[in-house]
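Asker:
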Amino acid sequence: MNFKRSTTTMVIAIMALSLISMTSVQQDVFASGPGMSITATADQGSNTIAVTGMTALASAAVTFQVVSPSGNNLVTIDQVIPNEDGSFTTTLKVGPTWNEDGLYSITAQQSEASIYTLTVFVEVTSGMTEETSVTQSTLEMESILSIQTNVDKYTGLEISADAVEGSTTIEITGSTDRISEGITLTVTSPNGNIVSIAQVSPDVNGEFTTVFTTGGPLWKQDGNYIISAHQNDDEMYNASVTVEIIDGFVIPEFGTIAAMILAVAIISIIAISAKSRLSIIPRY
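Residue 258 in UniProt numbering sits at position 258 of the sequence shown, with consecutive numbering throughout.
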């Protein structure tokens with residue numbers, strides 16, 4: 001019996017099995033789970049909107065529907081077939097039917113059974129787009145590797161608003177314990193109209209931030225604007241804050257800046273009162 005040949009054959013077989021096992025591990029690490037994602041981008045003053053995306057179901061067409069801000073008019077319909085890797089892209093043209101100013105909803109839907117349905121919003125004014133880059137995703141990435149984060153479990157979603165009195169910007173910061181899910185932020189006017197929408201992704205520590213700019217025809221109503229954050233249907237992952245807007249400018253109720261202004265006002269009153277008392281001291 002030739003032991004040398006048998007040993008060589010066994011070594012080759014073990015090496016082959018090792019390669020197969022390594023290949024399987026690599027596939028598991030980078031495999032995509034179920035879901036779909038879409039991204040809409042547009043330049044300031046443009047009449048085109050680029051929509052790109054990725055889906056786990058490459059065999060079914062993706063249909064796009066664009067609805068006007070009022071929700072009454074379907075302005076555009078499009079359909080694309082994903083590539084073999086699940087990626088897809090299309091370009092939407094702003095035309096005569098886009099005759100309303102405001103946020104147009106772009107909904108991507110896959111298959112008649114609506115396996116995946118996602119919606120993003122793009123603002124159009126006078127037939128021209130505002131600068132936009134928004135993403136909505138339900139894609140899940142499967143991985144056998146453990147990612148170390150500093151996120152506390154089961155803390156839910158929290159947000160806060162920071163603004164300087166008289167400014168036209170509102171900074172929203174927040175945190176969540178679910179770093180794999182995107183967050184949709186919606187600003188609602190006092191009369192219930194949606195005036196702005198943003199979509200953000202938490203970092204590895206679960207933190208996120210975005211900035212809203214006030215002013216313009218959509219912010220013309222005075223009163224309390226509600227900024228809502230939505231991550232999923234669980235009550236723990238929905239939060240909101242209220243910001244008062246007058247004539248398109250922020251009127252914060254609390255915060256560091258407001259406290260500083262109040263402190264300066266109090267000091268000024270004390271100084272004036274002291275000066276007044278000194279002026280009425282009788283002379284002998």
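From the three backbone atoms N, C-alpha and C, an ideal C-beta is built for every residue, glycine too.
Which runs of the beta strand (DSSP E) at least 3 residues long sit entirely within the region 187 to 225? Give them in chain order.
Answerer: If we require 3 residues or more, the beta strand (DSSP E) runs fully inside the region 187 to 225 come out as 194 to 200 and 207 to 213.
Asker: Mind pulling the beta strand (DSSP E) runs of 3 or more residues that sit fully within the region 53 to 101?
Answerer: Taking only runs of at least 3 residues, the beta strand (DSSP E) segments lying wholly in the region 53 to 101 are 62 to 67, 74 to 80 and 87 to 93.
Asker: Going by DSSP, which residues form a beta bridge with I159?
Answerer: According to DSSP, which records beta bridges pairwise, I159 is partnered with G174.
Asker: Exposed or buried, what is V122 when buried is set at 16 or more other beta-carbons lying within 10 Å of its beta-carbon?
Answerer: V122 is buried by the Cβ-count criterion.
Asker: In whole angstroms, what separates the C-alpha of I257 from that of D222?
Answerer: Residue confidence for I257 is low, a pLDDT of 46 falling below 50, so the modelled location carries little weight and cannot support an answer.
Asker: Less than 8 Å between the C-beta atoms of T184 and T213, yes or no?
Answerer: Against a cut-off of 8 Å, the Cβ pair of T213 and T184 comes out as no contact.
Asker: Report all residues from its chain with a CB closer than 8 Å to the CB of V67; omit the five preceding and five following residues, and keep chain order.
Answerer: Excluding residues within five positions, the ones whose Cβ falls inside 8 Å are N73, L74, V75, Y104, S105 and T107.
Asker: Consult DSSP for E130 and reduce its assignment to one of helix, strand or coil.
Answerer: Coil.
Asker: Around the Cβ of P82, are there at least 16 other Cβ atoms within 10 angstroms (buried) or fewer (exposed)?
Answerer: By the 10 Å Cβ count, P82 comes out buried.
Asker: Just to check my reading of the structure: V250 and V243 have Cβ atoms closer than 8 Å, yes? What is that Cβ distance to the nearest angstrom?
Answerer: The pair is a contact, with the Cβ atoms about 6 Å apart (cut-off 8 Å).
Asker: Around the C-beta of I246, are 16 or more other C-beta atoms found within 10 angstroms, so that it is buried, or is it exposed?
Answerer: Flag for I246 reads exposed.
Asker: Looking only at DSSP bridge pairs, what is Q109 linked to?
Answerer: Answer is T63 and T117.
Asker: Spatial neighbours of S228 within its chain, please: CB distance less than 6 Å, with the 5 preceding and 5 following residues excluded, ordered by chain position.
Answerer: Counting only Cβ-Cβ distances below 6 Å, and skipping sequence neighbours, we find T186 and S240.
Asker: Report back the beta-carbon spacing between M54 and L118 to the nearest angstrom; my notes put them in contact at under 8 Å.
Answerer: That belief does not hold up - the Cβ atoms of M54 and L118 are roughly 11 Å apart, past 8 Å.
Asker: Using DSSP with H/G/I as helix, E/B as strand and the rest coil, what is E244?
Answerer: Strand at E244.
Asker: Kindly indicate which residue of P202, W219 and T209 has the alpha-carbon position closest to the one of P190.
Answerer: Among P202, W219 and T209, the Cα nearest to that of P190 belongs to W219.
Asker: Which value, in whole angstroms, describes the spacing of the CA atoms of V62 and T91?
Answerer: For V62 and T91, the distance between alpha carbons rounds to 13 Å.
Asker: Please tell me whether Q65 and I49 are closer than 8 Å, where the distance is taken between their beta carbons.
Answerer: Their beta carbons are not under 8 Å apart, which means Q65 does not touch I49 by this criterion.
Asker: Work out the CA separation of A40 and T149 for me, nearest whole Å.
Answerer: With a pLDDT of 46 at T149, under the threshold of 50, the modelled position of that residue is not reliable, and the figure given next carries that caveat. Spanning the two alpha carbons is a distance of roughly 29 Å.
Asker: Assign Q44 to buried or exposed, taking buried as 16 or more other Cβ atoms, counted over all protein chains shown, within 10 Å of its Cβ.
Answerer: Exposed, since its Cβ has fewer than 16 Cβ neighbours within 10 Å.
Asker: Nearest-angstrom Cα distance between G166 and N224?
Answerer: Using only the alpha carbons, I get a separation of about 15 Å.
Asker: Below 6 Å CB to CB, which residues in the same chain sit around E171 once its five sequence neighbours on both sides are set aside?
Answerer: D162 and V211, listed in sequence order.
Asker: Between D233 and the rest of its own chain, which residues show a CB-CB distance below 6 Å, the 5 nearest in sequence each way excluded?
Answerer: So the list is empty, once near-sequence residues are dropped.
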